[in-house]
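Below: one structure, written as structure tokens.
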Amino acid sequence: VGYGNCAGRDIVEEHLDVCLEAGIGLTGINAEVMLGQWEFQCFGKGAKRACDDLWLSRYLLHRVTEKYGIEVEFHPKPIKGDWNGSGMHTNFSNKAMREVGGRELIEGICEKLKAAHKDHIAVYGSENDQRLTGLHETQSIDKFSYGVSDRGASIRIPVGTAETWRGYLEDRRPASNADPYRVVARLLQTINGDALSNGKADKKAAAKKN
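This is how it looks when you write it as structure tokens:
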């Protein structure tokens, strides 16, 4: 906060108001490491709603900045240097994670994500290698790790989740320019892939019986 430490607050607060008026679930805003770098948190109940809300919130951000003669920069590392890049940290959970839980379940999901790491990186945004360096609260783009409250990991297990082993996980790999639909689709495929495959197999078996 303070003059010289913060720039663009009027834009960010107007964007927040516009999104709330539009029924988009923005839950918070905060200034980030670089001058003019901001973060907003967007919550949508359900995968599709979350993606829709984020996509529309980006559109509204462009519309608001038009008024101020400012361009929005979604590049994950537009200026090289000793500062945190811009990401699209993605919090996610499913019914089993929230209601059943268990360390085996939570860590099992992390292991699934580890096995599919390259597939995730492929759809997690462009120029992400400039951001995921292993520095500035990131894990290296060619490595995977997870840990409790570890902001330098690929997947952060929040303290609240680890206390009961129920709740959400944070995927810290997606870049700020990532397509939320592709990110969420990849998460669903990795986490629920076996279940989805079994479901298709069951339908085929039923069709053959009929």
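Letter by letter, the sequence shown follows residues -16 to 193 of our numbering. Beta carbons are placed, not taken as given, at the ideal position from N, Cα and C, and that holds for glycine.
In terms of alpha-carbon separation, which member of the options lies closest to residue i?
| i | options | result |
| --- | --- | --- |
| residue 73 | 65, 154, 26, -2 | 154 |
| residue 94 | 128, 56, 8 | 128 |
| residue 110 | 12, 15, 62 | 62 |
| residue 20 | 66, 9, 30 | 66 |
| residue 98 | 125, 113, 78, 35 | 125 |
| residue 18 | -15, 103, 90 | -15 |
| residue 122 | 100, 143, 141, 142 | 100 |
| residue 90 | 78, 139, 64 | 139 |
| residue 16 | 120, 176, 130 | 120 |
Hey, could you find the ends of the alpha helix (DSSP H) residue i is sitting in?
| i | result |
| --- | --- |
| residue 104 | 100 to 104 |
| residue 130 | That residue, residue 130, is in no alpha helix (DSSP H); its beta strand (DSSP E) goes 129 to 131. |
| residue 35 | 30 to 51 |
Express the C-alpha separation of residue j and residue i in angstroms, rounding to a whole number.
| i | j | result |
| --- | --- | --- |
| residue 194 | residue 60 | Absent from the structure is residue 194, since the part of the chain shown begins at -16 and ends at 193. |
| residue 152 | residue 136 | 12 Å |
| residue 12 | residue 160 | 18 Å |
| residue 105 | residue 51 | 35 Å |
| residue 92 | residue 27 | 22 Å |
| residue 118 | residue 43 | 32 Å |
| residue 53 | residue -11 | 15 Å |
| residue 171 | residue -13 | 42 Å |
| residue -5 | residue 22 | 9 Å |
| residue 49 | residue 14 | 20 Å |
| residue 202 | residue 77 | For residue 202 there is no data in the structure shown, the boundaries of the chain being -16 and 193. |
| residue 83 | residue 142 | 17 Å |
| residue 112 | residue 88 | 30 Å |
| residue 80 | residue 176 | 16 Å |
For residue i and chain D, any beta-carbon pair shorter than 7 Å?
| i | result |
| --- | --- |
| residue 136 | The chain inventory of the structure shown lacks chain D, comprising one protein chain alone. |
Going by DSSP, which residues form a beta bridge with residue i?
| i | result |
| --- | --- |
| residue 154 | 73, 138 |
| residue 113 | BP columns for residue 113 are empty, so no partner. |
| residue 25 | 9 |
| residue -14 | -11 |
Would you mind reading off the limits of the beta strand (DSSP E) that contains residue i?
| i | result |
| --- | --- |
| residue 9 | 9 to 14 |
Are the CB atoms of residue j and residue i within a distance shorter than 7 Å?
| i | j | result |
| --- | --- | --- |
| residue 25 | residue 39 | no |
| residue 167 | residue 2 | no |
| residue 47 | residue -3 | yes |
| residue 85 | residue 148 | yes |
| residue 114 | residue 68 | yes |
| residue 107 | residue 158 | yes |
| residue 144 | residue 96 | no |
| residue 103 | residue 165 | no |
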